[in-house]
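**Q** Encoded as structure tokens, here's the structure I'll be asking about.
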């Protein structure tokens with residue numbers, strides 16, 4: 001049995017992790033082997049996140065104190081919380097991929113991206129997005145490509161004029 005002091009420590013730990021994380025995902029797991037959970041934890045950690053299991057009563061209390069409005073259906077069955085500290089999209093992708101391969105024993109209940117409440121379907125959609133770095137790259141390319149075409153288009157007539165003038169000069173010489 002956990003002492004009251006230990007419960008307070010766990011609630012405080014949960015709250016600190018929730019404040020630090022940009023992503024919170026709530027999952028259910030039953031029938032998952034220790035090695036499968038260990039592999040999932042490792043994959044999440046490699047992508048800048050953490051998976052932690054808390055008792056539902058402590059989860060409910062800790063999140064309510066921090067202003068998270070979580071539906072009661074989140075607090076049914078064994079619940080694991082995935083914290084995403086860096087780029088949230090790779091962490092979501094790892095969790096979604098794990099869920100696809102363990103449909104019977106692992107399910108995503110919901111979560112938060114910052115203060116935005118996420119449903120299971122929201123998480124599925126967001127997990128298909130690229131990482132922030134890839135999105136930045138696409139944005140830069142989207143901005144750069146038209147500019148490069150414009151520079152080429154503006155430069156091309158000038159270079160053609162120079163080429164024609166050089167041809168005329170060569171003929172006269």
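In this note's numbering, the protein residues as written are 1 to 173.
Positions of the beta carbon are idealized from the N, C-alpha and C atoms, including for glycine.
(1) Taking DSSP as the reference, what is the three-state secondary structure of residue 22?
(2) Runs of 3 residues minimum, wholly inside the region 29-68: which ones carry the beta strand (DSSP E) assignment?
(3) Check each candidate in 5, 4 and 37 and name the one with the smallest Cα separation from residue 101.
(4) Could you check which residue in 110, 67 and 12 has the C-alpha nearest to that of residue 79?
(5) Which stretch, first to last residue, makes up the alpha helix (DSSP H) that contains residue 122?
(6) Tell me whether the beta-carbon of residue 107 lies closer than 9 Å to the beta-carbon of residue 28.
(7) Express the C-alpha separation of residue 136 and residue 77 in angstroms, rounding to a whole number.
(8) Could you give the DSSP three-state label for residue 71: helix, strand or coil?
(9) Could you tell me how far apart the beta carbons of residue 21 and residue 66 are, in whole angstroms, since I believe they sit closer than 8 Å?
(10) Could you spell out the range, first to last residue, of the beta strand (DSSP E) harbouring residue 87?
(11) Measuring straight from C-alpha to C-alpha, what distance separates residue 253 and residue 87?
(12) Please classify residue 109: does DSSP put it in a helix, a strand, or coil?
(13) Use the C-beta contact count for residue 127: other C-beta atoms within 10 angstroms, 16 or more gives buried, fewer gives exposed.
(14) Would residue 23 and residue 82 qualify as a contact pair, given that the criterion is a beta-carbon distance under 9 Å?
(15) Does the Cβ-Cβ distance between residue 14 and residue 63 come in under 9 Å?
(16) Three-state secondary structure (DSSP) at residue 173?
**A** In short, the structure shows the following:
(1) The residue given as residue 22 occupies position 22 in the chain shown. Three-state result, residue 22: coil.
(2) 49-53
(3) Position 101 of the chain shown, counted from the first residue, corresponds to residue 101. When each option's Cα is compared against that of residue 101, the closest is 37.
(4) Sequence index remark: in the chain shown, residue 79 carries index 79 (1-based). Per the Cα distances, 110.
(5) For the purposes of this step, residue 122 is identified with residue 122 of the chain shown, where counting begins at 1. Unbroken alpha helix (DSSP H) run through residue 122: 120-127.
(6) By 1-based counting over the chain shown, the position of residue 107 is 107. By 1-based counting over the chain shown, the position of residue 28 is 28. A contact, by the Cβ cut-off of 9 Å.
(7) For the purposes of this step, residue 77 is taken as the residue at position 77 of the chain shown. For the purposes of this step, residue 136 is taken as the residue at position 136 of the chain shown. If I take the Cα positions, the gap works out to 39 Å.
(8) Position 71 of the chain shown, counted from the first residue, corresponds to residue 71. Of the three classes helix, strand and coil, the one that applies to residue 71 here is coil, per DSSP.
(9) Here residue 21 corresponds to residue number 21 of the chain shown, with the count starting at 1. Here residue 66 corresponds to residue number 66 of the chain shown, with the count starting at 1. Their Cβ separation, rounded to whole angstroms, is 11 Å, which puts residue 21 and residue 66 out of contact at 8 Å.
(10) Translated into the one-based positions of the chain shown, residue 87 becomes position 87. From DSSP, residue 87 is part of no beta strand (DSSP E); its letter is neither H nor E.
(11) Outside the shown range of the chain (1 to 173) lies residue 253, about which nothing can therefore be said.
(12) Position 109 of the chain shown holds residue 109. If DSSP states are grouped into helix, strand and coil, residue 109 belongs with the strands.
(13) Along the chain shown, read from residue 1 onward, the residue named residue 127 stands at position 127. By the 10 Å Cβ count, residue 127 comes out buried.
(14) Translated into positions along the chain shown, residue 23 becomes position 23. Translated into positions along the chain shown, residue 82 becomes position 82. For residue 23 and residue 82, yes; Cβs fall inside 9 Å.
(15) As a working note, residue 14 is residue 14 in the chain shown. As a working note, residue 63 is residue 63 in the chain shown. Cβ distance < 9 Å, so residue 14 and residue 63 count as in contact.
(16) Here residue 173 is taken as the residue at index 173 of the chain shown, counted from 1. Coil at residue 173, not helix or strand.
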